[in-house]
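Following: one structure in structure tokens, then a few remarks.
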Amino acid sequence: MSDALSAIPAAVHRNLSDKLYEKRKNAALELEGIVKGLAAAADHEKISKIIEMLIKEFAKSPQANHRKGGLIGLAAVTVGLSSEAAQYLEQIVPPVINSFSDQDSRVRYYACEALYNIAKVVRGDFIIFFNEIFDALCKLSADSDANVQSAAHLLDRLVKDIVTESDQFSIEEFIPLLKERMNVLNPYVRQFLVGWITVLDSVPDIDMLGFLPDFLDGLFNMLSDSSHEIRQQADSALSEFLQEIKNSPSVDYGRMAEILVQRAASPDEFTRLTAITWINEFVKLGGDQLVRYYADILGAILPCISDKEEKIRVVARETNEELRSIHVEPSDGFDVGAILSVARRQLSNEWEATRIEALNWISTLLNKHRSEVLCFLNDIFDTLLKALSDSSDDVVLLVLEVHAGVAKDPQHFRQLIVFLVHNFQVDNSLLERRGALIIRRLCVLLDAERVYRELSNILEGESDLDFASTMVQALNLILLTSPELSRLRDLLKLSLVNHEGKNLFVALYASWCHSPMAIISLCLLAQAYQHASIVIQSLVEEDINVKFLVQLDKLIRLLETPIFTYLRLQLLEPGRYIWLLKTLYGLLMLLPQQSTAFKILRTRLKAVPSYSFSSNQLSPASSGVPFAQYLQHGSQFAEDGDIDENIRNSHQGINFAARLQQFEHVQNQHRAHVKAQANSRSSSSTSTSKEEVRRPEESRGPSSAGENSRPPSRLSRKGPGQLQL
Numbered sequence: 060m061s062d063a064l065s066a067i068p069a070a071v072h073r074n075l076s077d078k079l080y081e082k083r084k085n086a087a088l089e090l091e092g093i094v095k096g097l098a099a100a101a102d103h104e105k106i107s108k109i110i111e112m113l114i115k116e117f118a119k120s121p122q123a124n125h126r127k128g129g130l131i132g133l134a135a136v137t138v139g140l141s142s143e144a145a146q147y148l149e150q151i152v153p154p155v156i157n158s159f160s161d162q163d164s165r166v167r168y169y170a171c172e173a174l175y176n177i178a179k180v181v182r183g184d185f186i187i188f189f190n191e192i193f194d195a196l197c198k199l200s201a202d203s204d205a206n207v208q209s210a211a212h213l214l215d216r217l218v219k220d221i222v223t224e225s226d227q228f229s230i231e232e233f234i235p236l237l238k239e240r241m242n243v244l245n246p247y248v249r250q251f252l253v254g255w256i257t258v259l260d261s262v263p264d265i266d267m268l269g270f271l272p273d274f275l276d277g278l279f280n281m282l283s284d285s286s287h288e289i290r291q292q293a294d295s296a297l298s299e300f301l302q303e304i305k306n307s308p309s310v311d312y313g314r315m316a317e318i319l320v321q322r323a324a325s326p327d328e329f330t331r332l333t334a335i336t337w338i339n340e341f342v343k344l345g346g347d348q349l350v351r352y353y354a355d356i357l358g359a360i361l362p363c364i365s366d367k368e369e370k371i372r373v374v375a376r377e378t379n380e381e382l383r384s385i386h387v388e389p390s391d392g393f394d395v396g397a398i399l400s401v402a403r404r405q406l407s408n409e410w411e412a413t414r415i416e417a418l419n420w421i422s423t424l425l426n427k428h429r430s431e432v433l434c435f436l437n438d439i440f441d442t443l444l445k446a447l448s449d450s451s452d453d454v455v456l457l458v459l460e461v462h463a464g465v466a467k468d469p470q471h472f473r474q475l476i477v478f479l480v481h482n483f484q485v486d487n488s489l490l491e492r493r494g495a496l497i498i499r500r501l502c503v504l505l506d507a508e509r510v511y512r513e514l515s516n517i518l519e520g521e522s523d524l525d526f527a528s529t530m531v532q533a534l535n536l537i538l539l540t541s542p543e544l545s546r547l548r549d550l551l552k553l554s555l556v557n558h559e560g561k562n563l564f565v566a567l568y569a570s571w572c573h574s575p576m577a578i579i580s581l582c583l584l585a586q587a588y589q590h591a592s593i594v595i596q597s598l599v600e601e602d603i604n605v606k607f608l609v610q611l612d613k614l615i616r617l618l619e620t621p622i623f624t625y626l627r628l629q630l631l632e633p634g635r636y637i638w639l640l641k642t643l644y645g646l647l648m649l650l651p652q653q654s655t656a657f658k659i660l661r662t663r664l665k666a667v668p669s670y671s672f673s674s675n676q677l678s679p680a681s682s683g684v685p686f687a688q689y690l691q692h693g694s695q696f697a698e699d700g701d702i703d704e705n706i707r708n709s710h711q712g713i714n715f716a717a718r719l720q721q722f723e724h725v726q727n728q729h730r731a732h733v734k735a736q737a738n739s740r741s742s743s744s745t746s747t748s749k750e751e752v753r754r755p756e757e758s759r760g761p762s763s764a765g766e767n768s769r770p771p772s773r774l775s776r777k778g779p780g781q782l783q784l
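Residue numbers (this note's numbering): 60 to 784.
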């Protein structure tokens, strides 16, 4: 140290720590000349001692003026050393960098100035300290003192110039530091970082694109910054990188795809748009490379299809179509299960457009990779069934298409119909709101006869009699009114002369027994008029309830529609269709006279040519109302039309007596069920009011008791659900 003091005059030593800048500056200039002389004399040891003295006595001094003098002195030494300064940088630069975090803002300012002068001298030789300098500048860019910020910006520009012309800069060593700093939220730091990214990317020898995944997320973070300038700078940098990706033969799409998927769900609109735009380009450019990321990408795209911003919706839809058009196989790494899982989750999305696209994906996968989809059927089947209750008709129709695609296999067809009936049973509102839509669409997508046969088969053994009756009534109404089921109606009209019609009639009859009005409607459709008349006569008092009359009202109105035109025209030949007349008059007798349906049917029957129901106008095989005889010999009686021919063909094998017994058996079950329900309800109310009833009875006189002992008349009785007469 004494060597250093002997080389530096006392006045220089003293003025370096003076509070006046001019004195420190002059002392530094003298120090610069001294070092030049020592360098010329190659007295490296003494130079090293001077540097050590400046660090210990000045740069590390507790007094701010000494630290300022130390910094200006170190810069003066570097200038004096000139071309030989590089070998002393290990001593000179670290204390200057440490001064960047000094508590005194003026010291930080002089540190920037000192390093600026040092960098001008040594240029690329100080690159070995780049990370430390970068980190220090990163902090100084957000310094609380405006002068320090200004000095830091000047130093930053110089460092950028040096780096761009240096061949010693190591991007590999720098990227970890950049990645770490990208999470900083300070706007000044963000500007600083984007500036460096842009500069480094402009250097041909530096491959910033190869390291883009390391700081891409940070750039996307800046797109939602409160500062418009920062958002603009980040967007400009991202646009430049995207253009480079388009022109690059090899890009790591996978790592970046993971980042983009997360950013596509950002609450910031601009970030979402940028992310989905990048995804769109990735799918176009690197489709095959992204196979294992397809599920994640789809999970990002589908919600954006319903985005409130139109630009995002447009890009998302385009990307979705592009992704769906790519032809890949499971052998290529395409995960059908993962895609199905994403589509299943999006079926619960609040937006209709997203749910529709999710269903389109399931449908596409079913067409392209049917066997793989069926392997995952259990994972998505319940969700698909729940989607039948969706608020959107378009969604429901698509769900049905998917179900129909699955139901091409017999075992899945049975499973679909069973689950569908179960859902109708669990959710009555589904049957009311969507029953007709679902059944009609399934009849179009699948074979209508096949659908109705399966439904009938399931309902035939249904233990919930109330549901079975409701379901059959719904199916019957759909059968009678839907244009999609016209072929089925035409087939049923031939039940008495066609084998296929007969089989369908018998198949439906088994479950239609749950509803008397459904059976009557089925018989009218099949032109089994005699059997319809017999069914009407088999009804008992308990059957004629409000539900029955409501169904009867619907049927009477349907008789006036084009579907039953053939039936109305048959009334022009009352002699040939005597059982049709008897059936219609039977229905008329069941209706209350003041009802609209009664007036409609009576008006229609008044238009029928006069015909007498005298016994001599009925054939022996069809005379009277032979209910008891019909039960014994029903298979021998013919329906309307060519009586003799029908007898020979035995009505295509339809045993109407057996059918009537089947109907009676099911209806007896319904009657017993209604009585059981009534008894259950009354038993609880009776037990609570028993004492109250007993007291009034005990106080009554003999005349009162006599009246109660009389059995009630038939007209005064009222069964459960029965009209009050």
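Beta carbons: idealized from backbone N, C-alpha and C, even for Gly. Just so we're clear, the structure is a prediction, and the values are computed from it rather than from any experiment.
- Around the CB of E369, fewer than 16 other CB atoms lie within 10 Å, so the residue is classed as exposed.
- Leaving aside the five residues that flank S541 on each side, the residues in its chain whose CB is nearer than 6 Å to its CB run, in chain order, R499.
- DSSP, reduced to helix, strand and coil, places N604 within a strand of the structure shown.
- A Cβ-Cβ distance of about 4 Å is found for the pair Y588 and L639, placing them in contact under the 8 Å criterion.
- A straight-line Cα-Cα distance of about 7 Å links P651 and F657.
- With a 10 Å radius around the Cβ and a threshold of 16 neighbouring Cβ atoms, P154 comes out buried.
- Around the beta carbon of A211, a 10 Å sphere encloses 16 or more other beta carbons of the protein chains shown; the residue is thus reported as buried.
- Taking a cut-off of 8 Å on C-beta distances, the segment 568 to 581 touches the segment 720 to 732, as three or more cross pairs fall below it.
- By the CB criterion at 8 Å, F329 and S283 fall inside the cutoff.
- The straight-line gap separating the alpha-carbon atoms of R249 and I289 is approximately 7 Å.
- By the neighbour-count definition (other C-beta atoms within 10 Å, threshold 16), L79 is an exposed residue.
- The Cβ atoms of A316 and A334 do not sit closer than 8 Å to each other.
- Judged by DSSP in its simplified three-state form, N408 adopts coil rather than helix or strand.
- Of the candidates N727, H462, L534, the residue whose Cα lies closest to the Cα of Q474 is H462.
- With contact defined as three or more Cβ pairs closer than 8 Å, the segment 541 to 557 and the segment 491 to 507 are in contact.
- Using a C-beta cut-off of 8 Å, the segment 229 to 238 makes contact with the segment 180 to 193, since at least three inter-stretch Cβ pairs fall below that distance.
- A distance of 8 Å or more separates the beta carbons of G183 and Q122.
- At a Cβ-Cβ threshold of 8 Å, M576 and L614 count as neighbours.
- When rounded, the separation of the alpha-carbon atoms in S160 and I230 is 25 Å.
- Contact check for L433 against Q405 fails: the beta carbons are separated by 8 Å or more.
- Contact annotation: the segment 588 to 605 does not touch the segment 547 to 562, with fewer than three C-beta pairs closer than 8 Å.
- In the structure shown, A375 adopts helical secondary structure according to DSSP, grouped into three states.
- Taking the Cβ atoms as the reference, A402 lies roughly 5 Å from I421, within the contact range of under 8 Å.
- Per DSSP, C197 is one residue of the alpha helix (DSSP H) stretching across 189 to 199.
- Within the same chain, Cβ atoms closer than 8 Å to the Cβ of W255 are found at F193, K219, L237, the five residues on either side in sequence being excluded.
- At the C-beta level, G139 and K95 come within 8 Å of one another.
- Note that the segment 513 to 526 does not touch the segment 578 to 597; fewer than 3 beta-carbon pairs, one per stretch, sit closer than 8 Å.
- Three or more Cβ pairs drawn from the segment 429 to 444 and the segment 467 to 486 lie within less than 8 Å of each other, which places the two stretches in contact.
- In the structure shown, the three-state DSSP call for G634 is coil.
- DSSP places V599 in no alpha helix (DSSP H); its state is neither H nor E.
- Annotation for I356: the continuous alpha helix (DSSP H) segment containing it runs 353 to 363.
- L538 and L581 have their C-alpha atoms roughly 9 Å apart.
- Closest in alpha carbon position to V180, among V477, R730, T137, is T137.
- Between F300 and V477, the alpha-carbon positions lie close to 55 Å from each other.
- Distance from the CA of L268 to the CA of N379, rounded to the nearest whole angstrom, comes to 26 Å.
- In the three-state reduction of the DSSP assignment, F435 falls in the coil class.
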